[in-house]
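Numbering (the working numbering), first residue to last: 181 to 582. Idealized CB from N, CA, C, for every residue including glycine. Please read the structure below before turning to the comments.
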Amino acid sequence: MKKTTGLNRDITSKWRPATQAVRGGTWRSEHGETSEALFLTSGFTYDDAETAAARFTGEQQGMTYSRLQNPTVAMAEERIALMEGAEACRMQATGMAAMTTALLCQLNQGDHVVAARAAFGSCRWLTDNLLPRWGITTTTIDSRDNDAWKAAIQPNTKVFFFETPANPTMDIVDMAYVCGLAKEHGITTVVDNAFATSVLQRPMDFGADVVAYSATKMMDGQGRVLAGAVCGTEKWINDVLLPFQRNTGPNCAPFNAWVVHRGLETLEMRAMRQSENALLVGKFLETRVPRILHPGLPSHPQHNLAMRQMKACGPIFSFIVDGGRKQAMDFLNALELVDISNNIGDSRSLCCHNASTTHYSVSAEQRALMGVEEGMLRINIGLEDPQDVIEDLDQALRKVGL
C-alpha cells in the first residue's frame, strides 16, 4: 500500500469492511512507518508567510493548528467515516461533546427538537436543560411509536434526535420510517449509534443524516480514552459543524484519536464475539430474572425490528429485579468477576444500576416515564468466557434470592 492510498476514496470505498477497518484512513509520512504515526503537536510551521496565509484561506491544503486539524486525528476521522458509509467525520473530545456539537451547531433560538424519551441521562440533560436556556424547545416522545414522531412535528422543528438501541431501556427506533418522515418535512435526523457502532448497524443506510458516537465505548473497546465522533455529508460537516467546532474547541486529543484508530482494527471481531456472548448470557438470565430487555431475544417486543436493522444486537442489555434498588445493589455487591461500572462497550463485563448512576441527574418522575426502574440493571458482556460470566451472575442471583 502506498503512503496515501488509505485516503483515496476511489480505492478504499471498494474495499470490504474488514479491510477498511485495518487500512482505511492510513497516511504514512516520509519515513514509511507501518503503524500510523502519533502527532503530538499543537501547532505547525510554514516555509514562508505566503503558505501560512494560503492555508488559512483554504487556497492550499495543509495543517495550521490542532484545534482545526491534526494528522493523527484526521486519519481516525477518515477511517470512522469510511466504516460508517459517510462522506466525512469530525472527532470530538468525548461522546457528550459529540452529541452537544451535533445539536448546537445547527440549532438557533426559536427552533424545535423532537427527541426520544429513552436516552442516556446526559443527553436528556441537553434537551431538557441546556437547549431551553437558548430558546430551543424539545418535545420528548416514546420513540417506539411511529405516530408519535409525526404528531410531535411543529412548523419550527429542525431536528429528530434519538439513539437505538436506547440506553438503558433498549428501545428500538424504526429508522427507515423516522428518517423518511424527517426528510419529508426537511428535518435533520441525528442518531446516537454508540450501542451498535457501524459494524452492527449503519443508520445512514436507513436515511439518517447525522450519526454521532461516544468513541469511548465500542470503538476504543478497552476503557482507555475518552473520544467522540460525528459523521455526515461533506457539505454538512464543512458548512454546519466545522464553524462551530473550530470556534468552540471540543476537539479530540491526538493521543486519544490514535488509540481509537487502533481500536477500530478489531472492532468487528470484538463486537461480534461480545454479541454472541451477550446472547448466551441473556438466554441464561431470561430463565432467572423477572424481566429482561435484550433485543436479540424473541421475548423483546421489538425483536423483529432489531433484527431487520442490526447485524447483531451488541454486548449491552438490561434486566429488572423485583426488589427495587436494594435488591439491585445487593446483586451488584455480590458479583465476583463482573465489575461494577457505568461504562459500556468494554472488553470486560461490566454492570451498573442506572437509576443511581447514569440517570441519577434525571428526576425520579422522568426516569419512571423513560422506563428506568429502580430494579433495573444494565450489563455489558465482555470477551471473557461466557460460562464464567454466567457462573458469576448465577451465584450473585442466588445470594439475593433469585
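> From this set, F219, E516 and V293, which residue's C-alpha is nearest G315's C-alpha?
Replying inline: Taking the first residue of the sequence shown as 1, we reach residue 315 at position 135. Out of F219, E516 and V293, V293 has the C-alpha closest to the C-alpha of G315.
> Buried or exposed: which applies to P348, given that a residue is buried once 16 or more other Cβ atoms fall within 10 Å of its Cβ?
Replying inline: The residue labelled residue 348 in the question sits at position 168 within the sequence shown. Buried, because 16 or more other Cβ atoms sit within 10 Å of the Cβ of P348.
>> Helix, strand or coil for C411? Go by DSSP, reduced to three states.
In response: The sequence position of residue 411 within the sequence shown is 231, counting from 1. Strand at C411.
> With 16 as the cutoff for other CB atoms within 10 Å, does P478 come out buried or exposed?
Replying inline: The residue you call residue 478 lines up with position 298 of the sequence shown. Counting Cβ neighbours within 10 Å, P478 comes out exposed, since fewer than 16 surround it.
>> Relative to the C-alpha of M556, which candidate in A388, F224, S541 and K506 has its C-alpha closest?
In response: Residue numbering aside, residue 556 sits at position 376 when the sequence shown is read from its first letter. Ranking A388, F224, S541 and K506 by Cα distance to M556 puts K506 first.
> Where does N595 sit, in a helix, a strand or coil, going by DSSP?
Replying inline: Residue 595 lies beyond the residue range present for the chain, which begins at 181 and ends at 582; the question has no answer from this structure.
> Is it right to say A492 is buried, meaning 16 or more other beta carbons lie within 10 angstroms of its own, or is it exposed?
Replying inline: For the purposes of this step, residue 492 is identified with residue 312 of the sequence shown, where counting begins at 1. Buried, by the Cβ-count rule.
>> Just to confirm the assignment, what range does the beta strand (DSSP E) spanning N560 have?
In response: The residue you call residue 560 lines up with position 380 of the sequence shown. N560 -> beta strand (DSSP E) spans M556 to N560.
> Since I500 is in the beta strand (DSSP E), which residue starts that stretch and which ends it?
Replying inline: Taking the first residue of the sequence shown as 1, we reach residue 500 at position 320. Note, I500: beta strand (DSSP E), I496 to I500.
> Given 8 Å as the limit, is there contact between the region 252–267 and the region 404–422, that is, 3 or more CB pairs closer than that?
Replying inline: yes
>> By the three-class DSSP mapping on this structure, what secondary structure does S173 have?
In response: This structure cannot settle anything about residue 173, because the visible part of the chain is limited to 181 through 582.
>> Please identify the residue among R203, Q241, S529 and S536 whose C-alpha is closest to the C-alpha of A261.
In response: Position 81 of the sequence shown, counting from 1, holds the residue named residue 261. That would be R203, whose Cα lies nearest to the Cα of A261.
>> Assuming the contact rule is C-beta atoms closer than 8 Å, G275 and G408 should be a hit. Round their C-beta distance to whole Å, please.
In response: Along the sequence shown, read from residue 1 onward, the residue named residue 275 stands at position 95. Along the sequence shown, read from residue 1 onward, the residue named residue 408 stands at position 228. Rounded, the Cβ-Cβ distance is 5 Å, consistent with contact.
> Under a three-way DSSP split, which group does N326 fall into?
Replying inline: Locating residue 326 in the sequence shown gives position 146, counting from the first residue. If DSSP states are grouped into helix, strand and coil, N326 belongs with the helices.
>> Tell me the DSSP secondary structure of R196 in three-state form.
In response: Position 16 of the sequence shown, counted from the start, is the residue given in the question as residue 196. If DSSP states are grouped into helix, strand and coil, R196 belongs with coil.
> So is K338 buried or exposed if we call it buried at 16+ other beta carbons inside 10 Å?
Replying inline: Residue mapping note: residue 338 aligns to position 158 of the sequence shown, counting from 1. It is buried - the Cβ of K338 has at least 16 other Cβ atoms within 10 Å.
>> If the criterion is Cβ atoms closer than 8 Å, does the pair V552 and A451 meet it?
In response: Within the sequence shown, numbered from 1, the residue matching residue 552 stands at position 372. Within the sequence shown, numbered from 1, the residue matching residue 451 stands at position 271. No. Outside cutoff.
> For T538, which residues of its own chain have a beta-carbon under 6 Å away from its beta-carbon, when the five flanking residues on both sides are left out?
Replying inline: Residue mapping note: residue 538 aligns to position 358 of the sequence shown, counting from 1. G301 and N522, listed in sequence order.
>> For E257 and V580, I'd like the C-alpha separation in whole angstroms.
In response: In the sequence shown, counting from the first residue as 1, residue 257 sits at position 77. In the sequence shown, counting from the first residue as 1, residue 580 sits at position 400. Using only the alpha carbons, I get a separation of about 46 Å.
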